[in-house]
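Student:
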Amino acid sequence: MSGGPVLDEHIAIRFSRIALGHIRREYPNKPDHVLDGPADARTPSELHPVFYGSYDWHSCVHSYWMLAYLLRRFPAIETAGDIRALFDAQLVPEKIAAECAYLAAPSARGFKRPYGWGWLLKLAAELAGLPERRWSDTLRPLAGIFADRYRDFLPLATYPVRVGTHFNTAFSLRMAADYAETADDDALLNLLRDTALRWYGADAACPAWGEPSGDDFLSPALIEAECMRRLLPADDFPAWFEAFLPGLSRTHPPALFEPARVSDRSDGKIAHLDGLNLSRAWCWRALASALPAGDDRIAAMLKAADRHLAASLPHVAGDYMGEHWLASFATLALDAR
Numbered sequence: 001m002s003g004g005p006v007l008d009e010h011i012a013i014r015f016s017r018i019a020l021g022h023i024r025r026e027y028p029n030k031p032d033h034v035l036d037g038p039a040d041a042r043t044p045s046e047l048h049p050v051f052y053g054s055y056d057w058h059s060c061v062h063s064y065w066m067l068a069y070l071l072r073r074f075p076a077i078e079t080a081g082d083i084r085a086l087f088d089a090q091l092v093p094e095k096i097a098a099e100c101a102y103l104a105a106p107s108a109r110g111f112k113r114p115y116g117w118g119w120l121l122k123l124a125a126e127l128a129g130l131p132e133r134r135w136s137d138t139l140r141p142l143a144g145i146f147a148d149r150y151r152d153f154l155p156l157a158t159y160p161v162r163v164g165t166h167f168n169t170a171f172s173l174r175m176a177a178d179y180a181e182t183a184d185d186d187a188l189l190n191l192l193r194d195t196a197l198r199w200y201g202a203d204a205a206c207p208a209w210g211e212p213s214g215d216d217f218l219s220p221a222l223i224e225a226e227c228m229r230r231l232l233p234a235d236d237f238p239a240w241f242e243a244f245l246p247g248l249s250r251t252h253p254p255a256l257f258e259p260a261r262v263s264d265r266s267d268g269k270i271a272h273l274d275g276l277n278l279s280r281a282w283c284w285r286a287l288a289s290a291l292p293a294g295d296d297r298i299a300a301m302l303k304a305a306d307r308h309l310a311a312s313l314p315h316v317a318g319d320y321m322g323e324h325w326l327a328s329f330a331t332l333a334l335d336a337r
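Under UniProt numbering, the first residue of the sequence shown carries the number 1, and numbering increases by one thereafter.
#1: Pull up the distance between the alpha-carbon of LEU70 and that of LEU35, whole angstroms please.
#2: Taking only three categories from DSSP, how would you classify THR195?
#3: With three or more C-beta pairs closer than 8 Å as the rule, is the stretch 213–224 touching the stretch 176–184?
#4: So what's CYS283 in DSSP terms, helix, strand or just coil?
#5: In the structure shown, what three-state DSSP assignment does residue 354 receive?
#6: Would the beta-carbon of ALA239 fall within 9 Å of that of ALA19?
#7: Assuming ILE83 contacts LEU67 (C-beta within less than 8 Å), just tell me the rounded distance between them.
#8: My assumption, with CB atoms under 8 Å, is that HIS33 sits in contact with GLY53. Please give the rounded CB distance.
#9: Along the chain, where does the alpha helix (DSSP H) containing TRP117 start, and where does it finish?
#10: Do you know offhand how far HIS48's Cα is from ARG174's?
#11: Return the residue from the list ALA176, SER172 and ASP264 that minimises the CA-CA distance to MET321.
#12: What I want to know is whether the C-beta of GLN90 ends up closer than 8 Å to one or more non-hydrogen atoms of the ligand NAP.
#13: Using only alpha-carbon positions, find the residue among TYR115, PRO212 and TYR200 that is nearest to PHE237.
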């Protein structure tokens, strides 16, 4: 196993303080909002009374996910009271109803598809694991809307999207799978699995030649592999993985093993590359955990994870362009086993 950093209580306190510092910070804000008329020119908190902070809606959602996750993992941390108070103030029926109402507009049909969809369902799955059932119960109508959107959209989605940003479809399927399993929604889980097989099942000899692009925060190659690890039956994944990345024991493709260099962390797009390093570390660790003990690929994969963490873990805070979201990705990486 890797000797690199793992999630502990000290890190959990630090990350939760970062999120608590911005999850209700309304400005600066980058809305993803269609104006159907003058009445739609409203402030972020009027549009989204729960998820208005953290610079944008999806970052706010996965900041809530991280806080829920840290609260479940470390229920007695010193920030636990602040997290519970936040959830009690924000995850209430009238505010969730307003988030649901926003989605009813025809122009909101594609709102945050697919990245925000996956994160919202990931949050719902995490809240379901907490002893305070009221938060999960309150979020359920909003989660149900997004689950239905997967059911409506995936049969229409002829092709996957393989970019390294918010539009990546493999990431969304992977996150939604946790919700489908937690909710005992076998029909949705089967739809996610069937879609992954339709989109990615025949992929082989991935060259990763376009990685990284200048504003990636996901590796198209590694997140596809992580999606398939999560959704394929355990007995079927090894053969698919070997065909997809056949050169891993030779550290090939080399681009996947080299952390991205971040030249300007005040530039929001360039700062995405810190997220790429963190999400690659998450994928490398998760994928290595699926291989049998003694597999000659594991050491190189875990070494790559540690190098990517070392490159970007020190930079989860410092400039708001990264600070409003990077700790969530670091949490995924640090606890990926």
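From the three backbone atoms N, C-alpha and C, an ideal C-beta is built for every residue, glycine too.
Tutor: In short, the structure shows the following:
#1: Counting from 1 along the sequence shown, the entry for residue 70 is found at position 70. Counting from 1 along the sequence shown, the entry for residue 35 is found at position 35. Separation of LEU70 and LEU35 (C-alpha to C-alpha, rounded to the nearest whole angstrom) is 36 Å.
#2: For this step, residue 195 is matched to residue 195 along the sequence shown. The DSSP-derived three-state label of THR195 is helix.
#3: The stretch 176–184, when compared against the stretch 213–224, does not touch it at the 8 Å Cβ threshold.
#4: Working through the sequence shown from its first residue, we reach residue 283 at position 283. Here CYS283 sits in helix by DSSP.
#5: For residue 354 there is no data in the structure shown, the boundaries of the chain being 1 and 337.
#6: Translated into the one-based positions of the sequence shown, residue 239 becomes position 239. Translated into the one-based positions of the sequence shown, residue 19 becomes position 19. Not a contact, by the Cβ cut-off of 9 Å.
#7: Residue 83 sits at position 83 when you count from the first residue of the sequence shown. Residue 67 sits at position 67 when you count from the first residue of the sequence shown. Indeed they touch by this definition, with Cβ atoms about 5 Å apart.
#8: If you number the sequence shown from 1, residue 33 lands on position 33. If you number the sequence shown from 1, residue 53 lands on position 53. Rounded, the Cβ-Cβ distance is 15 Å, inconsistent with contact.
#9: Here residue 117 corresponds to residue number 117 of the sequence shown, with the count starting at 1. That run of the alpha helix (DSSP H) goes 115–127.
#10: Working through the sequence shown from its first residue, we reach residue 48 at position 48. Working through the sequence shown from its first residue, we reach residue 174 at position 174. When rounded, the distance between both Cα atoms is 25 Å.
#11: In the sequence shown, the residue the question calls residue 321 occupies position 321. Ranked by how close their Cα comes to the Cα of MET321, the residues ALA176, SER172 and ASP264 have ASP264 in first place.
#12: This structure does not include the ligand NAP; it has no bound ligands of any sort.
#13: The residue labelled residue 237 in the question sits at position 237 within the sequence shown. The shortest C-alpha separation from PHE237 is found at TYR200.
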